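So the structure is just underneath, and the comments pick up after that.
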């Protein structure tokens, strides 16, 4: 059964597995939840190793309270930090998927002494600006600015409701427009058949970030879900690699 804490009146749900070493934290994607294949598989891997592990739902996601449309990148980063700080003040290894990749970059940038390793999966930094806003035509932009929201078709179910606040607040959390230091062992994972995050985005992130130990792995034919058995094993190996590189 999920545990909860409350931040700004919103209950945030999470599953914490006690164990040794840095806390491995899985950060999920946009309108995703902590019961996804990658999060659950990585939790099973952590339990088998006796590794401390955390998966969580941001506000408006999964089992957490709040409305999805009320959230923003900064809000969801702060939700993640609230749960992390509730569980530990010790070292972290972050595993960020899609939007969670962006959030993990923000946390690593802001807490370089606490984050000891980073693995991103189809990381989607700055997607509110380079994805949604850049793709909107003038009519959509006008609707967004005048009514506060616009509906965008989704391949994963009901249309996404994109709010003006998501776009405008997202501009305060962009990571590809300023220096991005990743001082810990970092592994970027990306599928070549990803229809949501391009290989070009992964290459841009690798080129833009600065760090002593960064590697990008491209998986031929893998899509945005990155959830088949080969991809799941690659995620596990990558987490193991950053743990070892960090000396833990």
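In the UniProt record's numbering, the protein residues as written are 1 to 248.
Glycine is no exception: its CB is placed at the ideal position from the N, C-alpha and C atoms.
Please read these numbers as outputs of a predicted model, since none were measured by experiment.
Taking Cβ to Cβ, would you say residue 119 is nearer than 8 Å to residue 242? The answer is yes: Cβ separation under 8 Å.
Whose C-beta lies closer than 8 Å to the C-beta of residue 224 among residues of the same chain, with five residues either side of it excluded? Result list for residue 224: 98, 122, 191, 194, 195, 196, 197, in chain order.
In this structure, how does DSSP classify residue 197 when only helix, strand and coil are distinguished? In the structure shown, residue 197 sits in coil (DSSP, three-state: anything other than H, G, I, E or B).
Within a Cβ cutoff of 7 Å, which residues of the same chain sit near residue 170, ignoring the five residues on either side of it in sequence? Counting only Cβ-Cβ distances below 7 Å, and skipping sequence neighbours, we find 72, 73, 128, 129.
Per-residue DSSP class, three states only, for residue 124: Residue 124: coil per DSSP, three-state reduction.
So the candidates are 69, 30, 18, 152; which of them puts its Cα closest to the Cα of residue 44? Looking from the CA of residue 44, the closest CA among 69, 30, 18, 152 belongs to 18.
Residue from 200, 236, 188, 106 with nearest C-alpha to residue 174: Checked all of 200, 236, 188, 106; the closest Cα to residue 174 is 106.
Is the separation between the beta-carbon of residue 64 and that of residue 12 shorter than 8 Å? For the pair residue 64 and residue 12, the CB atoms are nearer than the 8 Å cut-off.
Looking only at DSSP bridge pairs, what is residue 20 linked to? 51, per the DSSP bridge assignment.
CA-to-CA distance, residue 41 to residue 47, given in whole angstroms: About 10 Å.
What would DSSP say about residue 38, mapped onto helix, strand or coil? The answer is helix: DSSP assigns residue 38 an H, G or I state.
CA nearest to the CA of residue 245, picked from 231, 184, 199, 207: Of the listed residues, the one whose Cα sits closest to residue 245 is 184.
Tell me the DSSP secondary structure of residue 154 in three-state form. DSSP places residue 154 within a strand segment (E or B) once states are collapsed to three.
Is the distance from the Cβ of residue 125 to the Cβ of residue 56 below 8 Å? Going by C-beta atoms, residue 125 is not nearer than 8 Å to residue 56.
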